[in-house]
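Take the sequence shown: its position 110, counted from the start at 1, is 239 in my numbering, and no numbers get skipped.
Don't be surprised by glycine CBs; every beta carbon is placed ideally from N, CA and C.
First comes the structure, then the notes that go with it.
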Amino acid sequence: DATVAFGQDDASGKNVKLAQKFLTIAEKGTETKQKVHGIVLYKRADTGNFEGTVTISIESDASGSPDGTALVSKTYTKEQWQNIGVGFFQSNFSEVELDRETSYWIVISSTLSDDTNHPNIAYRNANVYTDGEIKFFNTPEGWGVITGDLAFYILTEILEEGGVTGHHVAYKVNGDPVFFKKAGTTIQY
């Protein structure tokens, strides 16, 4: 229900990077790990004529902020980013195993810092995710808090026998996404 920029000038009050905290949810049985295959975010229209690349990564938590080291990432070229339409999009990457009930960060950054030509992403500033928070980064201020949470989904698999074995996003005629997964022998949406 709101839009937040990233890739802006590296100055106070600007968003060079964004980060969304999330908590892994593997809680059945004795599993200690959760596989993550990707992230679904909601892209808003770019401001101006954005010419850079965009990187989406997952980082560990370091005292309430991202630690600066990508556990896994996906980089979109200028052309790839421009070809993503406004709405939900899925970023798949190499599978990574995350520790159970542990906080991690989705970090979104750009190769350019430009106030008039930058990407935008959707976030919610009400009815937020209770285990998360969204932060911005710029060099003068470091990591600062934005009220709300990104519009996001984590594509996961709990490591257990017969667990989730696949994910897929399909779209209705009106453009709304429908998320499918296979759990054991059941297809869920």
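Span separating the alpha-carbon of residue i from that of residue j
i, j, result
"Trp-234", "Val-307", "24 Å"
"Thr-240", "Gly-181", "5 Å"
"Ser-220", "Leu-170", "8 Å"
"Ile-250", "Thr-315", "33 Å"
"Asn-144", "Ala-174", "16 Å"
"Ser-194", "Gly-216", "27 Å"
Cut-off 8 Å between Cβ atoms - residues of its own chain near residue i, not counting five sequence neighbours on either side
i, result
"Leu-284", "Val-165, His-166, Gly-167, Ile-168, Val-169, Gln-219, Asn-221, His-296"
"Thr-198", "Glu-188, Ser-189"
"Asp-278", "Gln-149, Tyr-252, Arg-253, Val-257, Tyr-258, Gly-261, Glu-262, Ile-263"
"Val-225", "Lys-164, Val-165, Ile-187, Leu-200, Val-201"
Distance between beta carbons of residue j and residue i, contact taken as under 8 Å
i, j, result
"His-247", "Thr-176", "5 Å"
"Phe-309", "Leu-147", "With 8 Å as the limit, Phe-309 and Leu-147 do not qualify as a contact, their Cβ atoms being about 28 Å apart."
Beta-carbon proximity list for residue i, same chain, < 6 Å, skipping 5 on both sides
i, result
"Gln-137", "Lys-143, Asn-144, Asp-244, His-247"
"Pro-269", "Ser-141"
Buried or exposed (CB count within 10 angstroms, at least 16 for buried), residue i
i, result
"Glu-290", "Only weak support is given to the placement of Glu-290: the predicted model assigns it a pLDDT of 45, under 50, and the value that follows is read from those uncertain coordinates. Glu-290 comes out exposed."
"Tyr-318", "exposed"
"Ile-237", "buried"
"Ser-192", "exposed"
Contacting residues, own chain, Cβ-Cβ under 7 Å from residue i (five flanking each side not counted)
i, result
"Thr-276", "Asn-254"
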